[in-house]
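As structure tokens, the structure follows; a few thoughts come after it.
There are 2 protein chains.
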Amino acid sequence: WHNAALLYGDAERPAETGARAAPGAAEQRPACACSQKPCGCQKADVNYAFLHSTDLLPACNGEITTMSFLQDVVDILLQYVVRSFDRSTKVIDFHYPNELLQEYNWELADQPQTLEEILLNCRTTLKYAIKTGHPRYFNQLSTGLDMVGLAADWLTSAANTNMFTYEIAPVFVLLEYVTLRKMREMVGWPGGCGDGIFSPGGAISNMYAMLIARFKMFPEVKEKGMAAIPRLVAFTSEHSHFSVKKGAAALGIGTDSVILIRCDERGKMIPSDLERRILEAKQKGFVPFLVSATAGTTVYGAFDPLIAIADICKKYKIWMHVDGAWGGGLLMSRKHKWKLNGVERANSVTWNPHKMMGVPLQCSALLVREEGLMQSCNQMHASYLFQQDKHYDLSYDTGDKALQCGRHVDVFKLWLMWRAKGTTGFEAQIDKCLELAEYLYNKIKNRDGYEMVFDGKPQHTNVCFWYIPPSLRSMEDNEERMSRLMKVAPVIKARMMEYGTTMVSYQPLGDKVNFFRMVISNPAATHQDIDFLIDEIERLGQDL
Amino acid sequence: WHNAALLYGDAERPAETGARAAPGAAEQRPACACSQKPCGCQKADVNYAFLHSTDLLPACNGEITTMSFLQDVVDILLQYVVRSFDRSTKVIDFHYPNELLQEYNWELADQPQTLEEILLNCRTTLKYAIKTGHPRYFNQLSTGLDMVGLAADWLTSAANTNMFTYEIAPVFVLLEYVTLRKMREMVGWPGGCGDGIFSPGGAISNMYAMLIARFKMFPEVKEKGMAAIPRLVAFTSEHSHFSVKKGAAALGIGTDSVILIRCDERGKMIPSDLERRILEAKQKGFVPFLVSATAGTTVYGAFDPLIAIADICKKYKIWMHVDGAWGGGLLMSRKHKWKLNGVERANSVTWNPHKMMGVPLQCSALLVREEGLMQSCNQMHASYLFQQDKHYDLSYDTGDKALQCGRHVDVFKLWLMWRAKGTTGFEAQIDKCLELAEYLYNKIKNRDGYEMVFDGKPQHTNVCFWYIPPSLRSMEDNEERMSRLMKVAPVIKARMMEYGTTMVSYQPLGDKVNFFRMVISNPAATHQDIDFLIDEIERLGQDL
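These protein sequence lines are chains A and B, in that order. Everything in the first sequence is counted per the numbering used here, starting at 1 for the first residue and increasing by one. Everything in the second sequence is counted per the numbering used here, starting at 1001 for the first residue and increasing by one.
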């Protein structure tokens, strides 16, 4: 049966499936007598060494070859998927860039390769890939590999369309409508009212928020540019994501006009400092137009105090954006959603289902409370796309809301996963990840050789800590210790990658030298994987 | 054999594959005796009606269910793929938005659905999808469904990673490097030198060009914003893509600062008008910083005279961008690449392989001649991602070049298709599409009932024409005729969609009322499909 191929690379495949016919046999053989057209009866005879992409559909009689080829690709992928969840496999087979460039010929040529070579390219690419679904891959906020999400992404690829009009993406446009409304309900906007879009990532979603906030206050900026309006300033915490500054640079506002508000020791924005800086900016004649609060900071996983921030935004009539790219997922959990209390008062919210909800990359939503604003802000009325004399309800041609013209279908994988899990399924998955983070925190908070970067139970799944090798444990807390400690995490991380056993991120932050930032968003992870991580850090770091 | 499932929806599937076991059987059954672990021997027994996504990996013993489920999804997709190329199937099974909303329950709920329902969701989604790979789908610049591209996109989904660092996307980062260098070679930059990125679509690529051009002239804009620099103006033709204006609005430059240069009757920018408008702007004290020339306009498929434009840009020291989103593919053709002569003098080039080269959506490249500029313009040095003390060559951490933080892997499908076709394969495919466009042009230019929107052989695959129904053929060319002609294309298009037989776009442009814009980018299309389109237009339009 065909799944035998799952367990073997082509080279190792049992002989019975390897029977191969003469060159070009797929074309020359007389038509099969079976009643199915196209039929796949003769798959075993397809000899890829003599076939090229021109033998695939739309080639005449290309069905057999196409189905065999795609099936063999899928077999390679299923093998990879199964191995991704297998703890006995490496997370990564690490090679330095120059090694990887030399180990295989990746170059593009004038002449075609055979389908046999194409299958080899696929296997080689996966050989060196990071298994981001591996239960011991903790390196990024987006981890895991959801099977329904994967299926949905495969369907999206086969449908190969574009979000700009209902005309060419009827189902996906409706699903975007349904899904965004549901997400707005979860945010707490009455009846899910409002607007939104799926954008290519949280940075772009945050940039959209800034763009729309500016337009709301000064609609003339669209035509006249920044020259026609006062100098704007935006506020965000010192722990916020760099995309707020990146957006300000792009939008012509400038990074100097992003004022970083101080955080408490847990990484939460201090509202009194926000108000002070707003007043200061106003005194200088600047116009505060946006506060970007963070619900789940990148490193600490901190939630800014949204209610206090909402009060200040209301008082000074400033657009309140909540960057919930990382923390938004907690809205699915009855146990944890209080951490976002106040989000319902935001004017806009970024929420990336590709992070805490485990949706395949990428899937980021920007939600906007006021309907129609995105459209007014971004529309250019291209008459070749958004014809006004079409025969259906034009409100479903949502493409002109976007900065993009063509837009990838990102909604289907989220929608299908939501159908498959229900809200309660996402909740269970998220609660489990938070429980694991608490387990890790409890395990190391008093353990020899560990120091927590901040006190207290994590609010999200971020657990930030230093591993202190034995040689540093009795040292005084001075500069030498700091400079040695700074080098510990990078060395352990490099060793993790070379062994390929696990991956976790590290970084410095402010005056704190390199520390590990553990995050858990993969429902495949278990207590044993957390135990493994700690053992591995100690194994790899004890000699430092 | 499993491919039997290809030809049948679940309901119609022959009885022998439909044998189903008791609830939860997949878990309760004793382990199979075969030597393969995990094995798929018992696939036929999986009863999806009693299984949920929680039974899939990473569930304990989830392999059998996972492989069966993904295999069944793939069977549904393969069926869709084969049908996409079958001319006896509809391009679209059109339903109005309110019908589609009522015909199926698309809502998201608290409770999970079974895997049986998930498979049904997949089938239903595809039932209402547009077959963008159908040989008679001519509606957009991106059409077709490439089998190697599809395979590559499936692999990309399974790898589920992010382009920001080499650490988590080693192969894909290298392939981006190799592929962008090759594209720059095709543009004509010596040795493929320069820089670039894959971005989420041509509009964003064009916005990048504008962003980088502004930064090159006034690097202080990154920190200080537009307030600190003189009033900028950009130039592009009146036939250029709306994304130039959209970008200017977003970047705080303002749409009024995008000066539209007149075109000749073929839709090409008139260089003397460009120079005149540059001088005029300078006289007003504005600073010209960008000319965006178009290589393949959206509607006419016109190529701006790049050499003359390059001369003007050089003379006035203005950044020359070429928007080759649509026309860039012609660089792969020895016969047609002369149309882009002068592109090698551009400072930046947008080129969307997802259009003329048939790569699945989305795949858009921005190429920049000066290396390092993208990085300086966009980098924010986020220390949690771009640690400076990593153990490998940091020049491969390319993520800080981008406006995005997370970035989808768009390169693999292009790379794999290029390996499979070779440059010569892309050339053959593109030459064929252009030949088909010429065939269409020759067929209708003197045919009763057709008027060409502009004279002469198309330069790209765009063929723009009016169909004149018999009732209008003897009318004088007056306002009444115009107002009746305006309604012809929309009605024919609506009928096409309701019959589902073919799709082609129409639009007004300037003083020209609605005309058809035929484009061909699908290598599946043949002369017979062109003949069919013409017959269909006449069949659906003769009574108007």
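Every residue gets a Cβ at the ideal spot worked out from N, C-alpha and C, and that includes glycine. Remember, predicted model here, so these are calculated numbers, not experimental data.
Can you have a look at Asp531(A) and say buried or exposed, based on whether 16 or more other CB atoms are within 10 angstroms of its CB?
Working through the first sequence from its first residue, we reach residue 531(A) at position 531. Around the C-beta of Asp531(A), fewer than 16 other C-beta atoms lie within 10 Å, and the residue is accordingly described as exposed.
Would you mind telling me which residues of chain A sit closer than 7 Å to Pro1353(B), beta carbon to beta carbon, in chain order?
One-based indexing of the second sequence puts residue 1353(B) at position 353. Here the premise fails: no neighbours, minimum Cβ distance about 12 Å.
Pairwise C-alpha distance: Met496(A) and Leu533(A)
Here residue 533(A) is taken as the residue at index 533 of the first sequence, counted from 1. Here residue 496(A) is taken as the residue at index 496 of the first sequence, counted from 1. Going by the C-alpha atoms only, they are around 10 Å apart.
At a Cβ cut of 9 Å, what residues of the segment 240–270 of chain A count as close to chain B, listed as they run along the chain?
His241, Phe242, Ser243, Lys245, Lys246, Gly247, Ala248, Ala249, Ala250, Leu251, Gly252, Ile253, Gly254, Thr255, Asp256, Ser257
Are the beta-carbon atoms belonging to Thr1236(B) and Leu1260(B) less than 8 Å from one another?
To locate residue 1236(B), count along the second sequence from 1; it is residue 236. To locate residue 1260(B), count along the second sequence from 1; it is residue 260. Contact flag set, yes.
Report the rounded CA-to-CA distance for Ala31(A) versus Glu63(A), giving the unit in angstroms.
Looking up residue 31(A) in the first sequence gives position 31. Looking up residue 63(A) in the first sequence gives position 63. Low per-residue confidence applies at Ala31(A): pLDDT is 48, beneath 50, and the placement is therefore not dependable, though the value from the model is reported in the following sentence. Going by the C-alpha atoms only, they are around 12 Å apart.
At least 3 beta-carbon pairs within less than 8 Å: the segment 198–206 of chain A vs the segment 311–330 of chain A
yes
The alpha helix (DSSP H) enclosing Pro1097(B), as first and last residue numbers
As a first step, residue 1097(B) is located in the second sequence; it is residue number 97 there, counting from the start. Its alpha helix (DSSP H) spans residues 1097–1103.
Skipping 5 residues on each side, what residues in its chain have a beta carbon closer than 6 Å to that of Ala159(A)?
Residue 159(A) sits at position 159 when you count from the first residue of the first sequence. Closer than 6 Å at the Cβ level, and outside the excluded window around Ala159(A), lies no residue.
Mind checking the segment 131–164 of chain A against chain B and listing, in chain order, the residues whose C-beta falls within less than 7 Å of any C-beta there?
Thr132, Gly133, Pro135, Asn139, Gln140, Ser142, Leu145, Met147, Val148, Leu150, Ala151, Asp153, Trp154, Leu155, Ser157, Ala158, Ala159, Asn160, Thr161, Asn162
Please go through the segment 321–357 of chain A and give each complete beta strand (DSSP E) segment of 3 or more residues, from N-terminal end onward.
348–351
Considering only C-alpha positions, which residue in the set Met67(A), Arg369(A), Tyr499(A), Thr156(A) is nearest to Glu185(A)?
Residue numbering aside, residue 185(A) sits at position 185 when the first sequence is read from its first letter. Checking every option, the nearest Cα to that of Glu185(A) belongs to Arg369(A).
When the Cα atoms are used, what is the spatial distance from Cys377(A) to Met210(A)?
Walking along the first sequence from the start, residue 377(A) turns up at place 377. Walking along the first sequence from the start, residue 210(A) turns up at place 210. One C-alpha to the other measures close to 11 Å.
Can you find a C-beta in chain A that's less than 8 Å from the C-beta of His1527(B)?
Counting from one through the second sequence, the residue named residue 1527(B) turns up at place 527. So, not an interface residue.
With a threshold of 8 Å between beta carbons, is Val1073(B) in contact with chain A?
Counted from its first residue, the second sequence places residue 1073(B) at position 73. Judged by the 8 Å Cβ criterion, Val1073(B) is in contact with chain A.
For Val1221(B), collect the residues of the same chain with a Cβ closer than 8 Å to its Cβ; drop the 5 residues on either side in sequence, then sort them by chain order.
Taking the first residue of the second sequence as position 1, residue 1221(B) is located at position 221. Once the five neighbours on either side are set aside, the close Cβ partners of Val1221(B) are Arg1214, Phe1215, Ala1228, Ile1229.
Looking only at its own chain, which residues have a Cβ that is under 6 Å from the Cβ of Phe1516(B), when we skip the five neighbours before and after it?
Locating residue 1516(B) in the second sequence gives position 516, counting from the first residue. Cβ within range, chain order: Phe1465, Ala1489, Val1504, Tyr1506.
Burial state of Glu1176(B), where buried means 16 or more other Cβ atoms lie within 10 Å:
Taking the first residue of the second sequence as 1, we reach residue 1176(B) at position 176. With 16 or more Cβ atoms within 10 Å of its Cβ, Glu1176(B) is classed as buried.
Measuring CA to CA, which of Gly1510(B), Thr1125(B), Ala1281(B), Glu1167(B) is closest to Gly1267(B)?
Here residue 1267(B) refers to the residue found at position 267 of the second sequence. Taking only the C-alpha atoms, the option nearest Gly1267(B) is Gly1510(B).
Closer than 8 Å, CB to CB, is Thr1501(B) near chain A or not?
Sequence index remark: in the second sequence, residue 1501(B) carries index 501 (1-based). Using a Cβ-Cβ cut-off of 8 Å, Thr1501(B) does not count as an interface residue toward chain A, since no Cβ of chain A sits closer than that to its own.
Could you name the residues of chain B that Tyr166(A) contacts, counting a contact when the two beta carbons are closer than 7 Å?
Position 166 of the first sequence, counted from the start, is the residue given in the question as residue 166(A). Those are Pro1097, listed as they occur along chain B.
Is the Cβ of Leu544(A) closer than 8 Å to any Cβ of chain B?
Looking up residue 544(A) in the first sequence gives position 544. No - not a single Cβ of chain B is within 8 Å of the one on Leu544(A).
On a CA-only basis, which of Gly1449(B), Val1463(B), Ser1142(B), Tyr1499(B) is nearest Thr1132(B)? Give me that one, please.
Here residue 1132(B) refers to the residue found at position 132 of the second sequence. Measuring from the Cα of Thr1132(B), the nearest candidate turns out to be Ser1142(B).
I need the straight-line Cα distance from Met332(A) to Cys433(A), nearest angstrom please.
The residue given as residue 332(A) occupies position 332 in the first sequence. The residue given as residue 433(A) occupies position 433 in the first sequence. Those two C-alpha atoms are separated by around 13 Å.
Under 8 Å between the Cβ atoms of Pro97(A) and Phe1085(B)?
Numbered from its first residue, the first sequence carries residue 97(A) at position 97. Numbered from its first residue, the second sequence carries residue 1085(B) at position 85. It is not a contact, given that the beta carbons lie outside the stated cut-off.
Contact check, Ser1348(B) vs Leu1366(B) under 8 Å by CB: the rounded distance?
Indexing the second sequence from 1 puts residue 1348(B) at position 348. Indexing the second sequence from 1 puts residue 1366(B) at position 366. Yes, they are in contact, since the Cβ atoms of Ser1348(B) and Leu1366(B) sit about 6 Å apart, within 8 Å.
Let me make sure I understand the geometry here. Which of Gly342(A), Glu275(A), Met417(A) has the alpha-carbon closest to that of Leu155(A)?
Looking up residue 155(A) in the first sequence gives position 155. That would be Met417(A), whose Cα lies nearest to the Cα of Leu155(A).
Report yes if the CB atom of Phe1218(B) is closer than 8 Å to the CB atom of Asp1410(B), and no otherwise.
Position 218 of the second sequence, counting from 1, holds the residue named residue 1218(B). Position 410 of the second sequence, counting from 1, holds the residue named residue 1410(B). The answer is no: Cβ separation not under 8 Å.
Run through DSSP, which three-state label would Gln1028(B) get?
As a first step, residue 1028(B) is located in the second sequence; it is residue number 28 there, counting from the start. Residue confidence for Gln1028(B) is low, a pLDDT of 41 falling below 50, so the modelled location carries little weight; the figure read from the coordinates is stated next. Three-state result, Gln1028(B): helix.
Would you say Asn1047(B) faces chain A, with C-beta separation under 8 Å as the test?
Position 47 of the second sequence holds residue 1047(B). Chain A contact via Cβ: absent.
For Ala1420(B), which residues in the same chain have their Cβ closer than 6 Å to its Cβ, ignoring the five residues on either side in sequence?
The residue given as residue 1420(B) occupies position 420 in the second sequence. Closer than 6 Å at Cβ, skipping near neighbours: Val1148.
From this set, Gly1327(B), Tyr1499(B), Lys1282(B), Val1258(B), which residue's C-alpha is nearest Tyr1316(B)'s C-alpha?
If you number the second sequence from 1, residue 1316(B) lands on position 316. Here the closest residue by C-alpha is Lys1282(B).
Apart from the five residues just before and just after Leu1414(B), which ones in its own chain have a Cβ nearer than 7 Å to its Cβ?
Locating residue 1414(B) in the second sequence gives position 414, where the first residue counts as 1. The answer, listed in chain order, is Thr1179, Pro1353, Val1359, Cys1363.
Determine, for Phe85(A), whether the minimum Cβ-Cβ distance to residues of chain B falls below 8 Å.
The sequence position of residue 85(A) within the first sequence is 85, counting from 1. For Phe85(A), the answer is yes, since a Cβ of chain B falls inside 8 Å of its Cβ.
Can you find a C-beta in chain A that's less than 8 Å from the C-beta of Arg984(B)?
Because residue 984(B) is not part of the residues shown, which for chain B are 1001 to 1544, the question remains open.
If we define contact as Cβ-Cβ less than 8 Å, is Ser1521(B) a contact residue for chain A?
Within the second sequence, numbered from 1, the residue matching residue 1521(B) stands at position 521. Not an interface residue.
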